[in-house]
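Residue numbers (the UniProt record's numbering): 210 to 464.
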Ligand code: ADP
């Protein structure tokens with residue numbers, strides 16, 4: 210009797226083992242297929258500006274495209290390639306196993322103001338006011354450059370996807386030992402069906418005007434990676450034609 214029980218148990222174990230192996234094989238397949246999709250996306254994103262550049266260069270050579278106009282497009286597309294490669298390198302570095310963050314305690318409000326200063330020219334160009342309400346006492350442990358990049362990316366989006374006059378507000382509060390930053394814009398917002406996808410690599414909401422906004426579709430993927438490396442949380446909510454709200458939290462520095 211006891212042998213039978215043992216047999217049943219070991220059969221169960223075989224079934225469990227077989228299931229685990231199947232699951233592992235499935236996960237490996239998924240990883241491989243994700244890798245292939247990513248590579249195809251990278252190739253596609255790199256090829257688009259390159260084919261514009263080739264087209265314009267040929268047109269200039271044949272004299273059918275005005276040199277000045279051609280050079281403007283060439284510069285634009287070369288800049289786009291540059292942004293793509295920089296973003297891809299950032300992602301690759303952030304996804305690596307090693308911890309490359311240079312962490313220091315810092316006054317969070319100061320860092321946020323520095324990021325705002327960086328994007329202010331663009332906000333002014335589009336007459337988008339940025340209102341700040343920051344708790345000066347908040348101190349977090351973070352990689353200054355990386356965390357600044359988070360706010361530059363988020364604010365660049367808030368500006369790019371808003372029309373003139375639509376204000377952006379940034380608030381920083383401390384709640385239950387965590388710093389909480391809310392960046393709220395009153396811009397185009399994101400259709401409900403797309404909200405969950407915006408942090409996927411290369412995903413961009415189809416608006417027809419996206420390409421001219423100059424984004425790469427990698428900005429929020431980078432934000433998510435940086436926040437994860439800081440053990441923080443990231444949340445995006447959006448209502449189409451009303452605006453987008455991003456909430457980030459990080460642990461407060463505990464001496
Ligand atoms: P991109 O470089 O295209 O801005 P992101 O990864 O930063 O790439 O964002 C992905 C997409 O999410 C954007 O192309 C845009 O469609 C949408 N998006 C991001 N932030 C906002 C925002 N604040 N308002 C409206 N749409 C946004």
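Ideal Cβ placement from N, Cα and C applies to all residues, glycine included.
request  = Could you tell me which uninterrupted beta strand (DSSP E) segments, each at least 3 residues in length, are contained entirely in the region 259 to 346, listed from first to last along the chain?
outcome  = For the region 259 to 346, whole beta strand (DSSP E) runs of length 3 or above, ordered along the chain, are 312 to 316 and 339 to 343.
request  = Confirm the yes/no value for this check: CB of residue 273, any heavy atom of ligand 1, distance under 8 Å.
outcome  = No.
key: Reference residue 481, options 335, 321 and 352, closest by Cα   = A query on residue 481 cannot be resolved here, the shown segment of the chain reaching from 210 to 464 and no further.
query = residue 461 and residue 379: beta carbons closer than 9 Å?
reply = Not in contact: residue 461 and residue 379 (Cβ atoms no closer than 9 Å).
ask   = Between the C-alpha atoms of residue 376 and residue 300, what's the straight-line distance to the nearest angstrom?
value = Distance between the alpha carbons of residue 376 and residue 300: 30 Å.
task = Name, in chain order, the residues that DSSP records as bridge partners for residue 404.
result = In DSSP, residue 404 forms no bridge with anything.
inquiry  = Going by C-alpha to C-alpha distance, which of 272, 340, 260 and 222 sits closest to residue 285?
reply    = Answer by Cα proximity: 260.
key: Cβ neighbours of residue 454 in the same chain (closer than 6 Å, five flanking residues each side left out)   = Sequence-distant partners of residue 454 (beyond 5 residues in either direction) whose C-beta falls short of 6 Å from its own C-beta, in its chain, are 393 and 446.
query = Who are residue 444's beta bridge partners in DSSP?
reply = Answer by DSSP bridge pairing, in chain order: 456.
request  = Using a threshold of 9 Å, state whether the C-beta atoms of residue 366 and residue 429 are closer than that.
outcome  = For residue 366 and residue 429, yes; Cβs fall inside 9 Å.
query = In its own chain, which residues sit with a C-beta less than 6 Å from the C-beta of residue 364, not counting the 5 before and 5 after it?
reply = Counting only Cβ-Cβ distances below 6 Å, and skipping sequence neighbours, we find 328.
ask   = Ends of the beta strand (DSSP E) at residue 349?
value = For residue 349, the uninterrupted beta strand (DSSP E) run begins and ends at 348 to 352, by DSSP.
task = Could you check what DSSP says for residue 365 in three-state terms: helix, strand or coil?
result = Reduced to three states, the DSSP call for residue 365 is helix.
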